[in-house]
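Working notes for the structure below.
Residue numbers (my numbering): 41 to 350.
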């Protein structure tokens with residue numbers, strides 16, 4: 041999947057994730073492949089139930105995979121791995137969860153919540169306290185907040201605590217699962233700007249999961265569009281916005297509200313109808329239709345897309 045000389049930090053190949061029993065089995069992710077380059081923000085966008093969160097939780101080993109491969113720095117991290125590698129992955133890959141109201145333990149103080157991942161790793165109490173203080177400072181919170189409980193904070197502050205919990209482990213790679221969707225509009229930009237600042241300062245790599253393409257355009261370098269467990273299109277962000285090819289991608293883009301009221305009134309809302317494809321007679325293949333721009337399409341559709349790109 042890599043098309044240039046940038047370092048690939050995460051390599052996902054034909055990933056499948058299924059839930060249920062043999063008799064009643066639901067395949068949430070049906071074989072997705074992508075690379076994430078060091079230092080970039082790679083986005084996965086799709087509607088609720090498309091499988092994007094399942095991919096993120098499979099990478100951090102919360103959900104077991106049913107097929108395919110996940111490699112981090114060229115080391116296989118899916119399936120059974122050694123205790124040493126599991127410990128390494130816990131340090132280097134962290135996740136920021138969607139709902140800051142639900143992801144923090146209401147009965148625990150902030151210093152325990154932020155430092156929980158450091159426990160049992162040979163750090164002294166003083167070292168842990170210093171790391172918690174630094175993590176809180178990094179996200180713009182005062183050190184004295186460490187002695188308070190989550191219910192004493194606003195939604196934006198809670199999400200900053202969630203980010204601090206991830207940063208305290210000094211990770212290389214952070215999975216951000218809808219990190220601003222539960223926040224007020226006025227707070228969203230603050231959290232996104234904070235994440236961008238931390239990325240520049242620490243050289244972080246993000247996998248950013250969202251249903252909102254307007255947010256993805258602001259923060260992502262590349263975007264993969266997922267529909268019912270399959271990635272249907274993937275490209276650099278501005279390429280995807282300028283030349284959306286797959287009808288599902290075009291439908292998502294048409295749903296973005298326009299700041300201009302006249303443009304919003306006159307825009308044409310596209311509705312994706314899967315019956316527009318004829319995959320029974322002409323199966324879809326994952327194709328790089330132009331450098332860095334991949335799309336899931338059959339031969340008939342590929343010809344149409346190539347004409348559109350001319």
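The C-beta atom is built at its ideal place from N, Cα and C for all residues, glycine as well.
(message) Suppose you measure from the CA of residue 113 to the CA of residue 318; what does that come to, to the nearest Å?
(response) Indexing the chain shown from 1 puts residue 113 at position 73. Indexing the chain shown from 1 puts residue 318 at position 278. Between residue 113 and residue 318, the C-alpha separation is close to 39 Å.
(message) I'd like the list of long-range same chain contacts for residue 211, defined as Cβ closer than 8 Å, with 5 residues on each side in sequence excluded.
(response) The residue labelled residue 211 in the question sits at position 171 within the chain shown. Correct list, in chain order: 131, 132, 133, 134 and 244.
(request) Might you give, ordered along the chain, the residues of its own chain that have their beta carbon closer than 6 Å to the beta carbon of residue 46, omitting 5 neighbours on each side? (result) Counting from 1 along the chain shown, the entry for residue 46 is found at position 6. Cβ neighbours of residue 46 beyond the five flanking positions: 77.
(request) May I have the straight-line CA-CA distance separating residue 280 from residue 217, to the nearest angstrom? (result) Looking up residue 280 in the chain shown gives position 240. Looking up residue 217 in the chain shown gives position 177. Roughly 21 Å separates the two Cα atoms.
(message) If distances are taken between C-alpha atoms only, which option among 74, 102 and 49 comes closest to residue 265?
(response) Here residue 265 refers to the residue found at position 225 of the chain shown. Comparing Cα-Cα distances from residue 265 to each of 74, 102 and 49, the minimum goes to 74.
(request) Could you check what DSSP says for residue 116 in three-state terms: helix, strand or coil? (result) Here residue 116 refers to the residue found at position 76 of the chain shown. Three-state result, residue 116: strand.
(message) Just to confirm the assignment, what range does the alpha helix (DSSP H) spanning residue 142 have?
(response) Along the chain shown, read from residue 1 onward, the residue named residue 142 stands at position 102. Segment: none, residue 142 is in no alpha helix (DSSP H) and carries neither H nor E.
(request) Give a yes or no on whether the C-beta atoms belonging to residue 248 and residue 83 are separated by under 8 Å. (result) Here the question's residue 248 lines up with position 208 in the chain shown. Here the question's residue 83 lines up with position 43 in the chain shown. Yes, these two residues count as a Cβ contact at 8 Å.
(message) My output table needs one value for residue 245: the three-state DSSP class, helix, strand or coil.
(response) By 1-based counting over the chain shown, the position of residue 245 is 205. Three-state result, residue 245: strand.
(request) For the segment 170-187 and the segment 147-160, state whether three or more C-beta atom pairs, one from each stretch, are separated by less than 8 Å. (result) The segment 170-187, when compared against the segment 147-160, does touch it at the 8 Å Cβ threshold.
(request) Spell out the partners DSSP gives residue 307 in its beta bridges. (result) Here residue 307 is taken as the residue at index 267 of the chain shown, counted from 1. Per DSSP, none; premise fails for residue 307.
(request) Assign residue 274 to buried or exposed, taking buried as 16 or more other Cβ atoms, counted over all protein chains shown, within 10 Å of its Cβ. (result) Here residue 274 is taken as the residue at index 234 of the chain shown, counted from 1. Per the 10 Å Cβ criterion, buried.
(request) Spell out the partners DSSP gives residue 111 in its beta bridges. (result) Stepping through the chain shown from its first residue, residue 111 is reached at position 71. Under DSSP, residue 111 takes part in a beta bridge, and its partners are 51 and 116.
(request) Have a look at 260, 191, 182 and 140 and flag the residue whose alpha-carbon is nearest the alpha-carbon of residue 206. (result) Residue mapping note: residue 206 aligns to position 166 of the chain shown, counting from 1. Of 260, 191, 182 and 140, the residue nearest in Cα terms is 140.
(request) Return the Cβ separation of residue 358 and residue 322 in integer angstroms, given the expectation that the two are a contact with Cβ distance under 8 Å. (result) The displayed coordinates of the chain run from 41 to 350. Any statement about residue 358 would go beyond what the structure contains.
(message) Considering just the uninterrupted stretch of the alpha helix (DSSP H) at residue 345, what are its terminal residues?
(response) Taking the first residue of the chain shown as 1, we reach residue 345 at position 305. Going by DSSP, residue 345 is part of the alpha helix (DSSP H) stretching over 339-349.
(message) Determine whether the beta carbon atoms of residue 213 and residue 95 lie at a separation below 8 Å.
(response) In the chain shown, residue 213 corresponds to position 173, counting from 1. In the chain shown, residue 95 corresponds to position 55, counting from 1. Going by beta carbons, residue 213 and residue 95 fall outside the 8 Å limit.
(request) With residue 81 as the anchor, note down where its beta strand (DSSP E) starts and where it stops. (result) Translated into positions along the chain shown, residue 81 becomes position 41. Note, residue 81: beta strand (DSSP E), 81-85.
(message) So residue 292 and residue 85 are supposed to be a Cβ contact under 8 Å. How far apart are they, rounded?
(response) For this step, residue 292 is matched to residue 252 along the chain shown. For this step, residue 85 is matched to residue 45 along the chain shown. Indeed, because the Cβ distance is near 7 Å, the residues count as touching under 8 Å.
(message) Tell me which residues share the same chain as residue 68 and place their Cβ nearer than 7 Å to its Cβ, disregarding the 5 neighbours each side in the sequence.
(response) Position 28 of the chain shown, counting from 1, holds the residue named residue 68. Excluding sequence neighbours, residue 68 sits near 57, 58, 59, 91, 94 and 269.
(request) Let me know the secondary structure DSSP gives residue 220 once reduced to three states. (result) One-based indexing of the chain shown puts residue 220 at position 180. Coil, per DSSP.
(request) Output yes or no for whether 8 Å exceeds the beta carbon distance between residue 294 and residue 308. (result) Here residue 294 refers to the residue found at position 254 when the chain shown is read from its first residue. Here residue 308 refers to the residue found at position 268 when the chain shown is read from its first residue. Going by beta carbons, residue 294 and residue 308 fall inside the 8 Å limit.
(message) Give me the DSSP bridge partner(s) of residue 65.
(response) Here the question's residue 65 lines up with position 25 in the chain shown. Within the DSSP bridge table, the entry for residue 65 names 60 as partners.
(request) Express the C-alpha separation of residue 235 and residue 99 in angstroms, rounding to a whole number. (result) Sequence index remark: in the chain shown, residue 99 carries index 59 (1-based). Sequence index remark: in the chain shown, residue 235 carries index 195 (1-based). Each residue's alpha carbon lies about 20 Å from the other.
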